[in-house]
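K.L.:
Chains as they are written, first to last, in my numbering: chain U, 115 to 227; chain X, 35 to 150.
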Amino acid sequence: GQQVMQIPQYQHVQEGEDFTTYCNSSTTLSNIQWYKQRPGGHPVFLIQLVKSGEVKKQKRLTFQFGEAKKNSSLHITATQTTDVGTYFCAGPVTTDSWGKLQFGAGTQVVVTP
Amino acid sequence: GAVVSQHPSWVICKSGTSVKIECRSLDFQATTMFWYRQFPKQSLMLMATSNEGSKATYEQGVEKDKFLINHASLTLSTLTVTSAHPEDSSFYICSAPNPTGSYEQYFGPGTRLTVT
């Protein structure tokens, strides 16, 4: 079945630095979503990407969907302490499984002042 | 935005007992909800799809007789962990789809279950 892989698993970042987390799927995705989970909290929706090659920005966050719709990335510039948390990418379990998500392993981000 | 609540937020139970977790969509209707489980430092694993008016569908490897799901109304799904054991201790999270039809899922705040 489909697998969604995410790297790195951990990311220690100095405040003000940039970093990128990557997500790869073994199959073509109809869409990919990104979620953020703060320590002790629940996943919160950040964005969804649907189109091949799509790029979306949310302030310091830039999301990309690959041309083949099998990979995605999240780039954060000028990291702040509020960026602490685990970032998950998620794709549909199967092409017709609307709402059923398979999550990547997540990238746990730690920010040092 | 849409809100999903869960109750209780945490529960401690003894081995062999059953625990019921409620998931409610507060300001929208959800004919479908999803239940996930998350172990410490791990990702979310989809357990089952809760369908209003019909049986839940379970992911491979999830015991349907152990994790009973009932979608009692358009705003409520319950997950009952029967005969709980310490290995069932986990963070259980439900989600409901964005009612406007986008791919976004709204997640509940989660229920932390500890089985002693």
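Think of the CB as a built atom: it goes at the ideal place given N, C-alpha and C, for glycine as much as any other residue.
Please classify Ser111/X as buried or exposed, where buried requires at least 16 neighbouring CB atoms within 10 angstroms.
P.N.:
Ser111/X is buried by the Cβ-count criterion.
K.L.:
Hey, Asn85/X and Thr66/X: beta-carbon distance below 8 Å or not?
P.N.:
Yes, these two residues count as a Cβ contact at 8 Å.
K.L.:
Going by DSSP, what residues sit across from Ser144/U in a beta bridge?
P.N.:
Partner(s): none; Ser144/U has no beta bridge.
K.L.:
Starting from the C-beta of Thr195/U, find all residues in its chain whose C-beta is less than 7 Å away, skip the five residues before and the five after it, and write them out in chain order.
P.N.:
Glu129, Val225 and Pro227.
K.L.:
Taking all protein chains shown into account, decide if Tyr124/U is buried (16 or more other Cβ within 10 angstroms of its Cβ) or exposed.
P.N.:
Answer is exposed; the Cβ neighbour count stays below 16.
K.L.:
Can at least three beta-carbon pairs, one atom from the stretch 158–175 of chain U and one from the stretch 67–77 of chain X, be found at a separation below 8 Å?
P.N.:
With a cut-off of 8 Å, the stretch 67–77 of chain X and the stretch 158–175 of chain U do not count as touching, because too few Cβ pairs lie within range.
K.L.:
Leaving out five residues on either side along the sequence, give the residues of the same chain with a beta carbon under 7 Å from the beta carbon of Glu131/U.
P.N.:
Within the same chain, Glu131/U has close Cβ partners Thr193.
K.L.:
How many Å lie between Gln120/U and Leu188/U at the Cα?
P.N.:
Near 11 Å, if we compare the C-alpha coordinates of Leu188/U and Gln120/U.
K.L.:
Give every residue of the same chain whose Cβ lies closer than 8 Å to the Cβ of Val37/X, excluding the five residues on either side of it in the sequence, and list them in chain order.
P.N.:
Ser59, Leu60, Asp61 and Tyr140.
K.L.:
Just list the residues that DSSP pairs His189/U with in beta bridges.
P.N.:
BP columns for His189/U point to Thr134/U and Thr176/U.
K.L.:
Quick one, are the C-beta atoms of Gly142/X and Cys47/X less than 8 Å apart?
P.N.:
No, the Cβ-Cβ distance between Gly142/X and Cys47/X is not below 8 Å.
K.L.:
Taking beta-carbon pairs under 7 Å, can you tell me which members of the stretch 171–184 of chain U lie near chain X?
P.N.:
Going along the stretch 171–184 of chain U in chain order, one finds no residue with a Cβ nearer than 7 Å to chain X.
K.L.:
Would Thr114/X and Gln40/X qualify as a contact pair, given that the criterion is a beta-carbon distance under 8 Å?
P.N.:
No, Cβ-Cβ distance for Thr114/X and Gln40/X is not below 8 Å.
K.L.:
Within 10 angstroms of its Cβ, does Thr142/U collect 16 or more other Cβ (buried), or is it exposed?
P.N.:
By the neighbour-count rule (16 or more Cβ atoms within 10 Å), Thr142/U is not buried but exposed.
K.L.:
Return the bridge partner residues of Tyr140/X from the DSSP annotation.
P.N.:
Its beta-bridge partners are Ala130/X.
K.L.:
When Cβ atoms are compared, which residues of the stretch 60–72 of chain X fall closer than 7 Å to chain U?
P.N.:
Result list: Thr66 and Phe68.
K.L.:
Considering just the uninterrupted stretch of the beta strand (DSSP E) at Glu86/X, what are its terminal residues?
P.N.:
Here Glu86/X belongs to no beta strand (DSSP E), and DSSP marks it neither H nor E.
K.L.:
Ordered along the chain, which non-local residues of its own chain (more than five positions away) have a Cβ less than 7 Å from that of Gln216/U?
P.N.:
The answer, listed in chain order, is Gln116, Val118, Ala204, Gly205 and Val207.
K.L.:
Tell me where the beta strand (DSSP E) around Ala106/X begins and ends.
P.N.:
Ala106/X -> beta strand (DSSP E) spans Phe101 to Ser107.
K.L.:
Taking only beta-carbon positions, decide if Gly130/U is within less than 8 Å of chain X.
P.N.:
Not an interface residue.
K.L.:
Classify Val53/X: buried if its beta carbon has 16 or more other beta carbons within 10 angstroms, exposed otherwise.
P.N.:
Result: buried.
K.L.:
Against Lys214/U, what residues of chain X qualify as contacts under a CB-to-CB distance less than 7 Å, listed in chain order?
P.N.:
Under the 7 Å cutoff, chain X gives Phe68, Leu80 and Thr83.
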